[in-house]
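Undergrad:
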Amino acid sequence: MFALVDCNNFYASCERVFRPDLNGKPIVVLSNNDGCAIARSNEAKALGIPMGAPAYQFEKIFEEKGVFVFSANFALYGDMSHRVMDMLSTFTPDMEIYSIDEAFLSLKGFDHLNLQQYGLSMCKKVVRGTGIPISVGIAPTKALSKVANRIAKKFAARTGGSYVIDSDEKRIKALKWLAVEDVWGIGRQHAKRLRDVGVNTAFDFTQLPEEWVRRNMAVVGLRLQKELKGEPMLELDVPQNKKNIATTRSFDSNYTQFEQLKERVSSFAVSCSEKLRKQKSCCNALMLFIHTNRHRDDLAQYSRNIVIQLPFPTNSAIELSDFAVQALKQIFREGYAYKKAGVIVMDFTPVQNQQLNLFSNSNPKHGKLMQAVDQINRLQGPQKVRLATQDLKRIWKMKQEKLSPRYSTNLRDIITIKI
DNA sequence: TCTGGGGTCCTAGGACCC
DNA sequence: TCTGGGGTCCTAGGACCC
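Numbering-wise, the first sequence is residues 0 to 418 according to numbering that gives the first Met the number 0.
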């Protein structure tokens, strides 16, 4: 059996942990630049604020209904996530952290336990230890544990936050209840096609002939169908190094100057290089993209990307920044108002076994230098040491008007309790 | 005026090899 | 007039996830 544990309205719940006065109040967390709603408390959902809602379109509702709005505080959410995962890891030796707020737990060999109770004990321990409410779904396959989790959450009043699918009756009842577009692994495109052929529920999907599923949804769809029928096709995934690493941002305003973009692009490359070093990889290729604001049809549109193959594998901030700026020179055009850019590094090789090039190689001194930089930044705070090509004047700043304190990761932000 | 960011996997088809 | 068989690798595009 697998358990799928996920945190309820995770980002909103994190904000609530340190603001208990917000219990029962509507909360919305915004994306970078305070752009879109990326998390909502149940109360905010009830007000009809959809996922991804542009903040400016809902300002009036926020105001009128007294919604508490927060800028995304990833330092806080990342730390709270660690705490939750730590607690969960005490319930099984075998666990896969699936996302910032979700984990699959293997319950192999736990058959002697009352699994419903076991799920409830997870809820109790995690909420007590971290303040974050969770839901637990338990079933014989990963896909079914996702279904069970939905039920646990949706009917929390009855389930207490934990639900087990351990019989065919329960499985079929659950699948008949679940709309096909809500199945894990069925997105918009597949959902539409399925609805078109009269498949409305997860159960209908399991009744489709395998050839149809194979033809229209490939082996991924077939695997999913079997999982929903109760035949396990997916194991716990072991953590692997990333195959691509990206740093991309929308800008707070439109950029028209090469110099402005250059500073940002350089910073994105530096950020990628830090992530590369963290997983001890070098990259062999780098992609850069820039584009104007797609939502503005009154402005001239321009969008391009370019991939450059590097002459040698590297994770040096200096070298990657150079390559990114070279790439920018190739695709930058005057006369456009740029709104977003990003650097994506690809085609990794491990640091230990680099293929050297006869004619040009990564500067051997950079390894030591980067180590020193990483160490300083780790101790003194991010971005203490930067490249001169980066935005030294700090002319840009992400819009974050409603940022909460970093309660759990910054000494200055620790709460004081008056007794 | 204001609209996020970061990932994965699979497949078909073209280019190439012997 | 007749014109094989069996592979691999790469890439773009499509689908999905949180």
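By construction, the Cβ of each residue, glycine as well, lies at the ideal position given by its N, Cα and C atoms.
Quick caveat, the model's predicted, so the values are computed rather than measured.
#1: Helix, strand or coil, according to DSSP, for Gly136 in the structure here?
#2: When the Cα atoms are used, what is the spatial distance from Glu100 to Thr291?
#3: Go through its chain and collect everything with a Cβ distance to Pro231's Cβ below 6 Å, but skip five positions before and after it.
#4: Does the segment 215-230 come close enough to the segment 322-333 to have 3 or more Cβ pairs within less than 8 Å?
#5: Alpha carbon to alpha carbon, how far is Phe109 from Ala74?
#6: Out of Arg276, Arg293, Leu193, point me to the one whose CA is closest to Met369's CA.
#7: When DSSP builds the beta bridges, which residues end up paired with Asp5?
#8: Indicate whether Ser320 and Ser252 have their beta-carbon atoms separated by less than 7 Å.
#9: Report the rounded CA-to-CA distance for Ala52 versus Arg222, giving the unit in angstroms.
#10: Checking 7 Å against the spacing of the C-beta atoms, do Ser272 and Ala316 come in under that value?
#11: Put Ala156 into one of helix, strand or coil per three-state DSSP.
#12: Kindly indicate which residue of Lys274, Gln379, Gln259 has the alpha-carbon position closest to the one of Glu333.
#13: With which residues is Gly282 paired in a DSSP beta bridge?
#14: Could you give the C-beta distance for Ala71 and Ile37, rounded to a whole number, given that I count them as a contact under 8 Å?
#15: Distance, Cα to Cα, Asp203 vs Lys338?
#16: List the DSSP bridge partners of Thr255.
#17: Is Lys274 near Ile244, with beta carbons less than 7 Å apart?
#18: Assign Pro381 to one of two classes, buried (16 or more other C-beta atoms within 10 Å of its C-beta) or exposed (fewer than that).
#19: What's the gap between the Cα of Ala156 and the Cα of Asn31?
#20: Can the beta-carbon of Ser166 be found less than 7 Å from the beta-carbon of Ala151?
#21: Mind checking Phe267: buried by the 16 CB within 10 Å criterion, or exposed?
#22: Can you look up Arg18 in the DSSP assignment and give me helix, strand or coil?
#23: Taking 7 Å as the cut-off, decide whether the C-beta atoms of Val179 and Val198 are in contact.
#24: Would you kindly check if the distance between the Cβ of Val269 and the Cβ of Met286 is under 7 Å?
#25: Am I right that Cys281 and Val350 are in contact with their C-beta atoms under 8 Å? What's the rounded C-beta distance?
#26: Which runs of the beta strand (DSSP E) at least 3 residues long sit entirely within the segment 173-232? Give them in chain order.
#27: Please check the pair Phe69 and Ile26, which I expect to be a contact at CB under 8 Å, by giving their CB distance rounded to whole angstroms.
#28: Are Ser403 and Glu14 touching if we call contact CB-CB under 7 Å?
#29: Given that a residue counts as buried once 16 or more other Cβ atoms are within 10 Å of its Cβ, and exposed if not, what is Gln193?
#30: Is the distance from the Cβ of Val146 to the Cβ of Ala190 below 7 Å?
#31: By a C-beta neighbour count over all protein chains shown, 10 Å radius and 16 as the cutoff for buried, is Thr415 buried or exposed?
#32: Residues in the same chain with beta-carbon distance under 6 Å from Ser302, minus the five sequence neighbours each way, listed in chain order, please.
#33: Considering only residues of the segment 49-131, which uninterrupted beta strand (DSSP E) runs meet the minimum length of 3 residues and lie entirely inside it, listed in chain order?
#34: Per DSSP, Tyr162 is paired with what?
#35: Look at the Cβ atom of Thr205, then the Cβ atom of Lys175, and state whether they are nearer than 7 Å.
#36: What distance in whole Å lies between the Cβ atoms of Ile164 and Ala138, which are believed to be in contact at a cut-off of 8 Å?
TA: For this structure:
#1: Start at 1 with the first residue of the first sequence, and residue 136 comes out as number 137. DSSP places Gly136 in the strand class (E or B) of the three-state scheme.
#2: One-based indexing of the first sequence puts residue 100 at position 101. One-based indexing of the first sequence puts residue 291 at position 292. The sequence as given places Asp at residue 100; Glu does not occur at that position. Each residue's Cα considered, the two are about 33 Å apart.
#3: Start at 1 with the first residue of the first sequence, and residue 231 comes out as number 232. Cβ within range, chain order: Thr140.
#4: Taking 8 Å as the limit for Cβ pairs, the verdict is that the segment 322-333 does not touch the segment 215-230.
#5: Taking the first sequence and counting its residues from 1, one reaches residue 109 at position 110. Taking the first sequence and counting its residues from 1, one reaches residue 74 at position 75. About 35 Å.
#6: In the first sequence, counting from the first residue as 1, residue 369 sits at position 370. Checked all of Arg276, Arg293, Leu193; the closest Cα to Met369 is Arg276.
#7: Working through the first sequence from its first residue, we reach residue 5 at position 6. Glu101, Ser134.
#8: As a first step, residue 320 is located in the first sequence; it is residue number 321 there, counting from the start. As a first step, residue 252 is located in the first sequence; it is residue number 253 there, counting from the start. Against a cut-off of 7 Å, the Cβ pair of Ser252 and Ser320 comes out as no contact.
#9: Here the question's residue 52 lines up with position 53 in the first sequence. Here the question's residue 222 lines up with position 223 in the first sequence. Ala52 and Arg222: Cα-Cα distance of roughly 33 Å.
#10: As a working note, residue 272 is residue 273 in the first sequence. As a working note, residue 316 is residue 317 in the first sequence. Contact flag set, yes.
#11: Along the first sequence, one-based indexing puts residue 156 at 157. If DSSP states are grouped into helix, strand and coil, Ala156 belongs with the helices.
#12: Stepping through the first sequence from its first residue, residue 333 is reached at position 334. Selected option, being the one with the closest Cα: Gln259.
#13: As a first step, residue 282 must be located in the first sequence, where it is residue number 283. Checking the sequence shown, residue 282 turns out to be Cys, not Gly. Residue pairing for Cys282: DSSP places it in a beta bridge opposite Thr313, Phe347.
#14: Locating residue 71 in the first sequence gives position 72, where the first residue counts as 1. Locating residue 37 in the first sequence gives position 38, where the first residue counts as 1. Distance from Ala71 to Ile37 at the Cβ level is roughly 7 Å; contact confirmed, criterion being Cβ atoms closer than 8 Å.
#15: The count along the first sequence starts at 1 and reaches residue 203 at position 204. The count along the first sequence starts at 1 and reaches residue 338 at position 339. A direct Cα-to-Cα measurement between Asp203 and Lys338 gives close to 44 Å.
#16: Position 256 of the first sequence, counted from the first residue, corresponds to residue 255. DSSP output for Thr255 lists no bridge partner at all.
#17: For the purposes of this step, residue 274 is taken as residue 275 along the first sequence, with counting starting at 1. For the purposes of this step, residue 244 is taken as residue 245 along the first sequence, with counting starting at 1. For Lys274 and Ile244, yes; Cβs fall inside 7 Å.
#18: Taking the first sequence and counting its residues from 1, one reaches residue 381 at position 382. Answer is exposed; the Cβ neighbour count stays below 16.
#19: As a working note, residue 156 is residue 157 in the first sequence. As a working note, residue 31 is residue 32 in the first sequence. Straight across, the Cα-Cα distance linking Ala156 with Asn31 is about 34 Å.
#20: Counting from one through the first sequence, the residue named residue 166 turns up at place 167. Counting from one through the first sequence, the residue named residue 151 turns up at place 152. No, these two residues do not count as a Cβ contact at 7 Å.
#21: Reading the first sequence from its first residue, position 268 is the one you call residue 267. Residue environment: Phe267 is assigned as buried (16 or more neighbouring CB atoms within 10 Å of its CB, all protein chains considered).
#22: In the first sequence, residue 18 corresponds to position 19, counting from 1. In this structure, Arg18 counts as coil in the three-state DSSP scheme.
#23: In the first sequence, the residue the question calls residue 179 occupies position 180. In the first sequence, the residue the question calls residue 198 occupies position 199. The Cβ atoms of Val179 and Val198 lie closer than 7 Å to each other.
#24: Numbered from 1 along the first sequence, position 287 holds the residue referred to as residue 286. Numbered from 1 along the first sequence, position 270 holds the residue referred to as residue 269. Cβ atoms of Met286 and Val269: not closer than 7 Å.
#25: As a working mapping, residue 281 is identified with position 282 in the first sequence. As a working mapping, residue 350 is identified with position 351 in the first sequence. Yes, Cys281 and Val350 are in contact; Cβ-Cβ is about 6 Å, under 8 Å.
#26: Complete beta strand (DSSP E) runs here, min 3: none at all.
#27: What you label residue 69 is simply residue 70 of the first sequence in a count that begins at 1. What you label residue 26 is simply residue 27 of the first sequence in a count that begins at 1. About 7 Å separates the two Cβ atoms, so the contact holds.
#28: Locating residue 403 in the first sequence gives position 404, counting from the first residue. Locating residue 14 in the first sequence gives position 15, counting from the first residue. At a Cβ-Cβ threshold of 7 Å, Ser403 and Glu14 count as neighbours.
#29: By 1-based counting over the first sequence, the position of residue 193 is 194. Per the sequence shown, the amino acid found at residue 193 is Leu instead of Gln. Answer is buried; the Cβ neighbour count reaches 16.
#30: What you label residue 146 is simply residue 147 of the first sequence in a count that begins at 1. What you label residue 190 is simply residue 191 of the first sequence in a count that begins at 1. No; because the gap between Cβ atoms is not below 7 Å, this pair is not in contact.
#31: If you number the first sequence from 1, residue 415 lands on position 416. Exposed, since its Cβ has fewer than 16 Cβ neighbours within 10 Å.
#32: Here residue 302 corresponds to residue number 303 of the first sequence, with the count starting at 1. Once the five neighbours on either side are set aside, the close Cβ partners of Ser302 are His290.
#33: Complete beta strand (DSSP E) runs here, min 3: 67-70, 94-98, 101-105.
#34: Here residue 162 refers to the residue found at position 163 of the first sequence. Per DSSP, the beta bridge partners of Tyr162 are Gly136.
#35: Mapped onto the first sequence, residue 205 falls at position 206. Mapped onto the first sequence, residue 175 falls at position 176. No, Cβ-Cβ distance for Thr205 and Lys175 is not below 7 Å.
#36: Your numbering for residue 138 matches position 139 in the first sequence. Your numbering for residue 164 matches position 165 in the first sequence. The Cβ separation is near 4 Å, so the contact holds.
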